[in-house]
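Counting in the numbering used here, the sequence shown runs from 2 upward without gaps.
The beta carbon of each residue, even a glycine, is placed where N, CA and C say it ideally should be.
On a predicted model such as this, the values are computed, not experimentally measured, just so you know.
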Amino acid sequence: PPFYIVEETDVEEILRLKYRYLDLRREGMHNNIVMRARMNKYIRDFMTDRRFIEIETPILTAPTPEGARDYLVPSRVHAGRFYALPQSPQQMKQILMVAGFERYYQIARCFRDEDLRGNRQPEFTQLDIEISFAEEEDVLELMESLYTDMFKALRPDLRLVTPFPRLTYEEGMRRFGSDKPDLRFGMELVDFNEALRDTEFTVFRTVIASGGAVRGLCVPQGAAFSRKQVDDLTTFVQGIGAKGLVSMAFLGEGNVDSLTAEDIRSPVAKFFSVEQSQEMARLAGAGRGDMLLIVADGNEMAYNVLDALRRELGKRLDLIDENVRHFAFVTNFPLFEWNPEDERWYSVTHPFTQALPSEAGLLDTDVGAVHSRSYDLICNGWEIGGGSIRIHDRAMQEKIFDILGLTAEEAKRKFGHMLEAFEYGAPPHGGTAMGMERTAALLVGADDIRDV
Ligand code: ASP
């Protein structure tokens with residue numbers, strides 16, 4: 002055979018995929034596929050116990066927007082016209098709510114024409130759920146119970162953190178620079194803007210004055226890093242797009258209140274007074290022996306860089322416990338994001354998501370400030386799934402389409418079936434969908450969804 006059928010051999014993926022039947026003979030891969038079947042069975046039993054009905058929805062259908070491109074299938078009988086393969090059963094499941102199926106689920110195949118990644122492929126499966134008369138709490142409780150019970154049943158050896166912590170989107174960004182932070186370790190981000198607004202260090206002062214951010218994180222025991230290690234990290238962040246990385250290590254003994262100029266090791270030390278350095282250490286919760294790593298950049302870039310740096314340090318410092326599955330919910334994403342290229346608003350999730358009632362008034366005045374009744378389930382740095390409480394009111398749905406730049410005719414042509422359905426007694430409803438490949442990968446401990 003082209004490779005040995007044993008666990009340990011490190012075979013090139015191309016070869017594994019070409020001879021998939023041999024790859025699948027390997028015990029680990031075989032067990033992964035068996036685990037995926039056990040997962041499906043567990044889900045079906047769980048959902049049935051909770052009085053959900055499994056309903057299959059069409060594959061040859063009209064487009065449903067989830068932010069990717071559609072796969073199209075030409076129609077033979079209607080020459081020149083196309084079906085779109087579903088990016089998700091979103092519209093179908095909402096119409097099922099109007100049809101009176103109050104608790105729907107499906108293990109649904111979805112298709113999105115996007116670039117491949119370790120945890121993304123064009124064809125995937127999701128556990129799709131929709132519930133009538135549901136509020137956020139109902140959906141989150143369901144997701145948390147399912148994932149807790151299933152992981153306990155199928156992988157009793159793994160550790161979960163319960164109850165699942167909840168962060169708002171804003172909090173996730175502020176604390177971790179990410180809407181899907183890996184919570185298995187700390188190293189939260191620190192904002193130095195306030196403390197350094199009047200600093201003598203021009204680079205920082207200019208960035209702050211121009212609306213950017215000076216942020217960093219504290220590396221425990223980082224003062225022991227060699228020059229080379231810090232240089233490596235600088236190269237790493239430059240690869241992400243950062244202009245540079247400023248380090249500041251605190252040496253000596255005692256607490257940081259007694260720091261002297263000799264105890265502070267930083268290429269930019271001379272620009273900061275000892276008091277300022279102490280203040281930075283305090284803000285970051287740093288002690289002697291620790292090191293701050295600081296980035297000054299545009300707000301978004303600073304988040305991106307520190308998120309990547311934090312994850313990289315998590316690995317390099319061996320802070321990650323592979324036996325932990327640290328689930329959490331991230332809630333209340335912005336409803337819209339502005340795309341400067343075509344100068345229009347886009348839905349952050351999809352256009353059927355409700356605005357927070359307390360902010361709905363802003364839809365007329367400050368669209369970018371509105372958050373949504375949305376939630377993601379995340380685990381160990383991956384987004385596992387997400388959903389929202391939906392719009393079930395025709396006028397509100399039309400207003401959202403309008404903000405998205407659809408004319409009344411376009412909205413009617415593309416989504417008229419939904420708008421019309423809302424006229425016939427649509428119950429309030431909400432739901433969610435979870436990626437099954439990612440879930441299976443977490444169950445077996447695979448880094449790549451192609452292994453399940
Ligand atoms: N349809 C959404 C998705 O596929 C999930 C949901 O809102 O229920 O991402």
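Contact test: HIS430 Cβ vs ligand 1 heavy atom, cutoff 7 Å
Along the sequence shown, read from residue 1 onward, the residue named residue 430 stands at position 429. Flag unset: Cβ of HIS430 not near ligand 1.
Determine contact between the stretch 125-141 and the stretch 430-443, defined as no fewer than three beta-carbon pairs at a distance below 8 Å.
Three or more pairs of CB atoms, one per stretch, sit closer than 8 Å, so the stretch 125-141 contacts the stretch 430-443.
By how many angstroms is the C-alpha of ASP394 removed from the C-alpha of ASP403?
Residue 403 sits at position 402 when you count from the first residue of the sequence shown. Residue 394 sits at position 393 when you count from the first residue of the sequence shown. Their Cα atoms are separated by approximately 14 Å.
Using CA atoms only, rank isn't needed, just tell me which of ASP367, ALA285, GLU28, THR58 is closest to GLY187.
For the purposes of this step, residue 187 is taken as residue 186 along the sequence shown, with counting starting at 1. Ranked by Cα distance from GLY187, the first of ASP367, ALA285, GLU28, THR58 is ALA285.
Would you mind giving the Cβ-Cβ distance between ALA69 and GLN88, rounded to the nearest angstrom? I have them listed as a contact below 8 Å.
Start at 1 with the first residue of the sequence shown, and residue 69 comes out as number 68. Start at 1 with the first residue of the sequence shown, and residue 88 comes out as number 87. Right, their Cβ atoms sit about 6 Å apart.
Beta strand (DSSP E) segment containing ALA447, residue limits:
Walking along the sequence shown from the start, residue 447 turns up at place 446. It is not in any beta strand (DSSP E) - ALA447 carries neither H nor E in the DSSP assignment.
Cβ-based burial, LYS42 [other Cβ within 10 Å; buried from 16]
For the purposes of this step, residue 42 is identified with residue 41 of the sequence shown, where counting begins at 1. By the 10 Å Cβ count, LYS42 comes out exposed.
Taking only three categories from DSSP, how would you classify ASN340?
As a first step, residue 340 is located in the sequence shown; it is residue number 339 there, counting from the start. Looking at ASN340 - three-state DSSP - the assignment turns out to be strand.
Considering only their Cβ atoms, is the gap separating PHE251 from GLY288 smaller than 8 Å?
The residue you call residue 288 lines up with position 287 of the sequence shown. The residue you call residue 251 lines up with position 250 of the sequence shown. Yes.
Could you give the residue range of the beta strand (DSSP E) that holds ARG167?
Reading the sequence shown from its first residue, position 166 is the one you call residue 167. ARG167: member of the beta strand (DSSP E) spanning 167-169, first to last residue.
How do the stretch 173-184 and the stretch 265-281 stand: do at least 3 beta-carbon pairs fall below 8 Å, yes or no?
The stretch 173-184 makes no contact with the stretch 265-281: fewer than 3 CB pairs, one atom from each, lie closer than 8 Å.
The beta strand (DSSP E) with LEU73 in it runs from where to where?
One-based indexing of the sequence shown puts residue 73 at position 72. Where LEU73 is concerned, the enclosing beta strand (DSSP E) starts and stops at 73-75.
Compare the C-alpha of GLY253 against each of GLY245, GLY242, ALA262, LEU246 and name the closest.
Position 252 of the sequence shown, counted from the first residue, corresponds to residue 253. Among GLY245, GLY242, ALA262, LEU246, the Cα nearest to that of GLY253 is on ALA262.
Where do the ends of the beta strand (DSSP E) carrying THR332 lie?
In the sequence shown, the residue the question calls residue 332 occupies position 331. Looking at the DSSP string, the run of the beta strand (DSSP E) that includes THR332 is 328-332.
Rounded C-alpha distance that separates GLY426 from ILE96
Taking the sequence shown and counting its residues from 1, the one referred to as residue 426 is at position 425. Taking the sequence shown and counting its residues from 1, the one referred to as residue 96 is at position 95. The alpha-carbon atoms of GLY426 and ILE96 are separated by roughly 11 Å.
I need the boundaries of the beta strand (DSSP E) containing THR236, first residue and last residue.
Locating residue 236 in the sequence shown gives position 235, where the first residue counts as 1. For THR236, no beta strand (DSSP E) run applies; the uninterrupted alpha helix (DSSP H) run containing it begins and ends at 228-241, by DSSP.
Alpha-carbon spacing of PHE423 relative to ASP50, whole angstroms:
In the sequence shown, counting from the first residue as 1, residue 423 sits at position 422. In the sequence shown, counting from the first residue as 1, residue 50 sits at position 49. Roughly 29 Å between the two C-alpha positions.
DSSP three-state call for MET30: helix, strand or coil?
For the purposes of this step, residue 30 is taken as the residue at position 29 of the sequence shown. Three-state result, MET30: helix.
Cβ-based burial, GLU344 [other Cβ within 10 Å; buried from 16]:
Residue mapping note: residue 344 aligns to position 343 of the sequence shown, counting from 1. So GLU344 counts as exposed.
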